[in-house]
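A.B. asks: Residue numbers for the sequence shown follow our numbering, so the first one is 4 and each next one is one higher.
Note that the Cβ used here is the ideal one computed from N, Cα and C, for glycine as well.
Quick one: structure below, then a few questions.
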Amino acid sequence: SDRSRRAKMADDDATTAIRAYLPRLLIRRIAATPDLHLPDETCFAAAVAFVDVSGFTALSTSLADVHGREGGELLQKYINEYFEKMLAIVQAHGGDVVDFAGDAFVALWRGAPIWDLEQIAALKEERELLREAVHCCVHILCELDEYEVQAAGAATGRLRVHCGVAAGEATFLCLGGAAASQAPTAGRNELQYTLCGSIVEEMGAATDAAQSGEVYLGAAAAGLLRLGDADGMAPLPDELNVGLPRGGGLQ
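Take a look at the structure:
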């Protein structure tokens, strides 16, 4: 009937809208396992990158001083435009954004399930994923580090970026809520997901070690590329700097 067709179209539109806010990893997991039983755990070879932006606080203050309440709307506009450019680069390099944290996000490059790989094959895959993650971060720095925001009537803002990269075995957990086939019930209709494992800890340590304009590798990632200092971590090696041109600014 027309009513059922309209309802289906509405559901499809809603699903499309929701997909824009969820990592591809989660969408594919639910699609592959409609009767998902929680908690659900998936382990796989991976590389991850934490991309952290600084400079929005100073820009916010400048906009507020000049534009008052409208400064908040302008700031949101600049944030959205900036992150759209950044996420497009991640997507171009095959990455999947799995989490946002303030002015930062976590990008994932997923490989095969860890139990499907022999040790040598797993290391090779992790190395390839790592190189893609590093090249993505270099691309982001070349295009969007020291990025000038020409704010109307306010002082020019400059955004800086630094990245921490790790590689190894990752675990993706789906927690809480109810199975997709079950009707939502009070207190059980929320699905939480998280990425965990030592790879996340190494990513955080590498991010803390990186300064603005730098990509830093965690200990295991540095080992995969035969790098590393006394602490095990390493800055980005020159041979992985692909020399992409730096970009312009937001007008």
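Given GLU135, which residues of its chain have a CB within under 8 Å of its CB, disregarding the five upstream and five downstream residues?
C.D. replies: The residues are ALA50, HIS96, GLY97, GLY98 and TRP112.
A.B. asks: Considering only their Cβ atoms, is the gap separating VAL168 from VAL101 smaller than 8 Å?
C.D. replies: Taking 8 Å as the Cβ cut-off, VAL101 and VAL168 do not qualify as a contacting pair.
A.B. asks: For LEU147 and LYS88, which I take to be in contact (beta-carbon distance under 8 Å), what is that distance rounded to the nearest angstrom?
C.D. replies: Confirmed, Cβ separation roughly 6 Å.
A.B. asks: Does DSSP put LEU220 in a helix, a strand or coil?
C.D. replies: Note: LEU220 maps to strand in three-state DSSP.
A.B. asks: In angstroms with no decimal places, state the Cα-to-Cα distance between CYS140 and ALA52.
C.D. replies: Roughly 8 Å between the two C-alpha positions.
A.B. asks: Check each candidate in CYS145, GLY171 and LEU78 and name the one with the smallest Cα separation from ALA115.
C.D. replies: Closest by alpha carbon: GLY171.
A.B. asks: From ARG161, THR64 and ALA173, pick the residue whose C-alpha is nearest to that of TYR85; which is it?
C.D. replies: When only C-alpha atoms are compared, the closest one is ARG161.
A.B. asks: May I have the straight-line CA-CA distance separating GLU76 from LEU62, to the nearest angstrom?
C.D. replies: The alpha-carbon atoms of GLU76 and LEU62 are separated by roughly 12 Å.
A.B. asks: Taking all protein chains shown into account, decide if THR210 is buried (16 or more other Cβ within 10 angstroms of its Cβ) or exposed.
C.D. replies: Answer is buried; the Cβ neighbour count reaches 16.
A.B. asks: Counting only the same chain and skipping the five closest in sequence on each side, list residues whose C-beta sits under 7 Å from that of CYS199.
C.D. replies: Once the five neighbours on either side are set aside, the close Cβ partners of CYS199 are THR174 and LEU176.
A.B. asks: Nearest by alpha-carbon distance to LEU66: which of PRO42, VAL152 and MET206 is it?
C.D. replies: Ranking PRO42, VAL152 and MET206 by Cα distance to LEU66 puts VAL152 first.
A.B. asks: Hey, how far is the Cα of GLN214 from the Cα of MET206?
C.D. replies: Answer to the nearest angstrom: the Cα atoms are 14 Å apart.
A.B. asks: Report the three-state DSSP secondary structure of SER215 (helix, strand or coil).
C.D. replies: Reduced to three states, the DSSP call for SER215 is coil.
A.B. asks: Does the Cβ-Cβ distance between GLY216 and ARG163 come in under 8 Å?
C.D. replies: For GLY216 and ARG163, yes; Cβs fall inside 8 Å.
A.B. asks: Taking C-alpha atoms, which residue in GLU204, GLU128, LEU126 and VAL93 lies nearest to HIS142?
C.D. replies: Of the candidates GLU204, GLU128, LEU126 and VAL93, the one whose C-alpha sits nearest the C-alpha of HIS142 is VAL93.
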